[in-house]
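Working notes for the structure below.
Number of protein chains: 2
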Amino acid sequence: MDWLDEVKWDASGLVPAIAQERGSRDVLMVAWMNREALETTRRTGHAVYWSRSRGKLWHKGEESGHVQQVHDIRLDCDGDVVLLEVTQLGHEPGIACHTGRHRCFFRRLDGTAWETTDAVLRDPATIYR
Amino acid sequence: MDWLDEVKWDASGLVPAIAQERGSRDVLMVAWMNREALETTRRTGHAVYWSRSRGKLWHKGEESGHVQQVHDIRLDCDGDVVLLEVTQLGHEPGIACHTGRHRCFFRRLDGTAWETTDAVLRDPATIYR
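First to last, the sequence lines map onto chains A and B.
Heads up: the first sequence begins at 55 in this note's numbering, then just goes up one per residue.
Heads up: the second sequence begins at 55 in this note's numbering, then just goes up one per residue.
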């Protein structure tokens, strides 16, 4: 049985993929993958997602240079979520978020309000030319 | 603006929620939440999800005793994924997965095959009576 057939793709042929940073173990971001994205990620060792907004493969870092080196790929019990262990390249510390922050989960619930806890490390205007 | 309105609920009124363990920082599982699940999680400090298969609120641990104490709730940049920092109660070490394992991500891609890396800590037959 093909390893890709063990993944439970949704009606759109996608699964969510969580990128977790090696070392810090921070959860950096969640994006989507189709079969080709997951197979390309495995083969190249760099994270490739499916951009739902652009409707095409998204080689993470293709514009920003913020490539994710993939050390490990895991699948959950239901087979419908993928977990990547990555090193976030291109900046020190790594920038995974398009807002120029380390991670996408930069808002924390404080009582009943979302509070921004993480600083912008690099102006997005200088990341995306 | 209500903090729940800042969450981008999907067409079914749901968002994926990642449970990450405090301390180990292991990603334990991913489940779904609707507004009521997220609000109840905030209010009670225990993880409550929406069971898509059963079509009702799922107080994690209601059958197994494997309750998740929630320390922190985060939202990503797009507002469409929630990240919980939890302590997995009810067993030492914590059991988040219905298969009796610590976490749901117990399969690791080895070449082109999924390999099970995590042991069953408790027989599911003794968890769900």
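A virtual CB, placed ideally from N, CA and C, is assigned to each residue, including glycine.
Keep in mind the model is a prediction, meaning the values are calculated, not measured.
Interface residue (Cβ-Cβ distance to chain A less than 9 Å): LEU111/B is not classified as such. Closer than 9 Å at the C-beta level to chain B, one finds these residues of the stretch 64 to 83 of chain A: PRO70, ILE72, GLN74, SER78, ARG79, ASP80, VAL81 and MET83. Secondary structure at ALA85/A: strand, using DSSP grouped into helix, strand and coil. Per the Cβ contact rule, the stretch 85 to 98 of chain A is not in contact with the stretch 114 to 127 of chain B (fewer than 3 Cβ pairs under 8 Å).
In the three-state DSSP reduction, ASP164/A falls in the strand class (E or B). Under DSSP, the beta-bridge partners assigned to VAL124/A are VAL140/A.
Residue-level contact by beta carbon holds for ASP130/B and chain A, with a gap shorter than 9 Å. Counting only Cβ-Cβ distances below 8 Å, HIS156/A has no contacts in chain B at all, with the closest Cβ about 12 Å away. When beta bridges are read from the DSSP output, TYR103/B appears opposite TRP112/B. DSSP places PRO70/B in the uninterrupted beta strand (DSSP E) bounded by 69 to 75. LEU175/B is positioned such that its CB atom lies closer than 9 Å to that of HIS145/B.
If you check the CB distance, VAL61/A and ASP134/A come in under 9 Å. With its beta carbon at least 9 Å from every one in chain A, ASP177/B lies outside the interface. Residues of chain A whose Cβ lies closer than 8 Å to the Cβ of ILE127/B are, in chain order, ARG162 and LEU163. For the 9 Å CB-CB criterion, TRP57/A and PRO70/A do not form a contact.
Its Cα nearest to that of GLY99/A, the residue THR141/A stands out among HIS156/A, SER118/A and THR141/A. Shown here for VAL84/A: same chain residues with a beta carbon closer than 6 Å to its own, the five before and five after excluded, namely PRO70 and ILE72 in chain order. Of ASP164/B, CYS151/B, ARG97/B and ALA179/B, the smallest CA-CA separation from ASP80/B is found for CYS151/B. Nearest C-alpha to LEU68/A among GLN74/A, ARG96/A and ARG106/A: ARG106/A. If you check the CB distance, GLU139/A and ARG76/A come in under 9 Å. In the three-state reduction of the DSSP assignment, THR171/B falls in the coil class, being assigned neither a helical nor a strand state. When Cβ-Cβ separations below 9 Å define contact, THR180/A makes no contact with chain B.
Note: LEU92/B is not bridge-paired with any residue in the DSSP secondary-structure output. If you draw a straight line from the Cα of ARG161/B to the Cα of ILE149/B, it comes to about 16 Å. Taking 9 Å as the cut-off, the beta carbon of VAL102/B is found no closer than this to the beta carbon of HIS120/B.
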